[in-house]
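Here is the structure we will look at.
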Amino acid sequence: MTRAFVFPGQGAQTVGMGRALAEAYPAAKAVFDEVDDALGEKLSRLIWEGDQDTLTLTQNAQPALMATSLAAMRALEAEGIAVTSAAFVAGHSLGEYSALCAAGALSLADTARLLRLRGQAMQAAVPVGVGAMAALLGLDFAAADAVAREAAEGEVCQAANDNDPAQVVVSGHKGAVERAVEIAKAKGAKRAILLPVSAPFHCALMEPAARAMAAALADVAIKAPVVPVVANVRAEAVSDPALIRELLVAQVTGSVRWRESVEWMVAQGVTEFWEIGAGKALSGMIRRIAKEAGTRAVGAPEDVVAAKG
Numbered sequence: 211m212t213r214a215f216v217f218p219g220q221g222a223q224t225v226g227m228g229r230a231l232a233e234a235y236p237a238a239k240a241v242f243d244e245v246d247d248a249l250g251e252k253l254s255r256l257i258w259e260g261d262q263d264t265l266t267l268t269q270n271a272q273p274a275l276m277a278t279s280l281a282a283m284r285a286l287e288a289e290g291i292a293v294t295s296a297a298f299v300a301g302h303s304l305g306e307y308s309a310l311c312a313a314g315a316l317s318l319a320d321t322a323r324l325l326r327l328r329g330q331a332m333q334a335a336v337p338v339g340v341g342a343m344a345a346l347l348g349l350d351f352a353a354a355d356a357v358a359r360e361a362a363e364g365e366v367c368q369a370a371n372d373n374d375p376a377q378v379v380v381s382g383h384k385g386a387v388e389r390a391v392e393i394a395k396a397k398g399a400k401r402a403i404l405l406p407v408s409a410p411f412h413c414a415l416m417e418p419a420a421r422a423m424a425a426a427l428a429d430v431a432i433k434a435p436v437v438p439v440v441a442n443v444r445a446e447a448v449s450d451p452a453l454i455r456e457l458l459v460a461q462v463t464g465s466v467r468w469r470e471s472v473e474w475m476v477a478q479g480v481t482e483f484w485e486i487g488a489g490k491a492l493s494g495m496i497r498r499i500a501k502e503a504g505t506r507a508v509g510a511p512e513d514v515v516a517a518k519g
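Numbers given in the numbering used here equal positions in the sequence shown, counted from 1, plus 210.
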């Protein structure tokens, strides 16, 4: 069995996530404490006792999901399952930062601060109501990309997330994305729905956020990861710190090539994917991409204990 550890992105956040891990494993609790210290606030209180709408704000959700993933990783390590037991690590959008932190390329404190800034910069890049995102279900990437191009009409409309063989998310100006929804339905999409997101992520409208991340990443130490990281925008493994820095900037405006990333890992011999942190969304995508691959979600103490078996 060759395994990969994968880390979820935005949308998986729920109030209470990671609390049981922190109560069961001192190493997991230490993650939340360090993130609180790095941000100068009690993010852990918001994660465990707060309001779902406040937790879902991009600037909170991003570091919160990373903290939960790293707490789960530390719990696994406490049970003798090291990150180096995986052939690769990968993450969906912000999850790529969790993967890099888990693999030792970024420090936990730097990762928390980068994700707080990333969330703020992505939110500030586009005024509320100007952008939108929509999921096109039942179209493959090529068909969804063609829909986005047709819908643009001089505005921005891009295929932003290639999630699995029948789910592609488009992002851009609100009017263009609304046109894409109608065009997709006309072209045979099973469903095409606007998503409840606060900004149009992973498209050219995020260029101000990309510039902010380039400036922030220039001042952060990045080490070679102890496990190769499969980068969203390349859909292949990278280990060079300079390239990792460059690709994290490109990721802000670039497509999340998740389907291709999973296919690449399977081609390298990965047979089992462990989703580390909140939710099971990636596991569902992976089963649709690689039906023969095994999946396991690790987000609670009982999942950690079961993983030892």
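Note that beta-carbon positions come from the ideal geometry of N, C-alpha and C, so glycine has one too.
- Per DSSP, reduced to three states, the secondary structure at F411 is coil, with no helix or strand assignment.
- If you draw a 10 Å sphere on the C-beta of G290, you find fewer than 16 other C-beta atoms in it, and that means exposed.
- S471 and R444 have their C-alpha atoms spaced approximately 8 Å apart.
- A direct Cα-to-Cα measurement between G221 and K490 gives close to 11 Å.
- Taking 3 residues as the shortest admissible run, the segment 368-441 contains the following complete beta strand (DSSP E) segments, listed from N- to C-terminal end: 377-383, 401-404 and 439-441.
- Under the three-pair Cβ rule at 8 Å, the segment 354-367 does not count as touching the segment 321-333.
- Each of I499, W484 and I496 was checked against the Cα of A292, and the nearest Cα belongs to W484.
- Look at V340 here: in three-state DSSP terms it is coil, with no helix or strand label.
- Counting along the chain, the unbroken beta strand (DSSP E) around G504 starts and ends at G504 to V508.
- DSSP links A447 through a beta bridge to V440.
- Looking at the backbone, the Cα of R389 and that of T463 are separated by about 21 Å.
- Pairing R506 with G219, the inter-Cα distance amounts to about 16 Å.
- For E473, the uninterrupted alpha helix (DSSP H) segment begins and ends at W468 to A477.
- In the structure shown, the three-state DSSP call for G260 is coil.
- Residue environment analysis places T212 among the exposed positions, since fewer than 16 neighbouring C-beta atoms fall within 10 angstroms of its C-beta.
- For V459, the CB contacts under 8 Å within the same chain, skipping 5 residues up- and downstream, are A420, M423, A424 and L427 in chain order.
- Here I454 is actually not in contact with I486; their C-beta atoms are around 19 Å apart, not less than 8 Å.
- E482 and A214 have their C-alpha atoms spaced approximately 6 Å apart.
- Within a 10 Å sphere around the beta-carbon of K239 sit 16 or more other beta-carbons, which makes this residue buried.
- Our two residues, V225 and A352, have alpha carbons roughly 37 Å apart in a direct line.
- Nearest to Q377 by C-alpha distance, out of A345, A370 and V391, is A345.
- With distances taken between CA atoms, A396 lies nearest to A354 out of D372, L325, A354 and A370.
- The Cβ atoms of P410 and S381 sit closer than 8 Å to each other.
- Checking the DSSP bridge columns, you'll see G301 partnered with F217.
- Residue range E482 to I486 is occupied by the beta strand (DSSP E) that includes I486.
- Rounded to whole angstroms, V476 and Q272 show a C-alpha spacing of 27 Å.
- The beta carbon of M495 lies closer than 6 Å to those of N373 and D374 in the same chain, with the five residues before and after it left out.
- Leaving aside the five residues that flank R323 on each side, the residues in its chain whose CB is nearer than 6 Å to its CB run, in chain order, A248.
- Going by DSSP, I499 is part of the alpha helix (DSSP H) stretching over A491 to I499.
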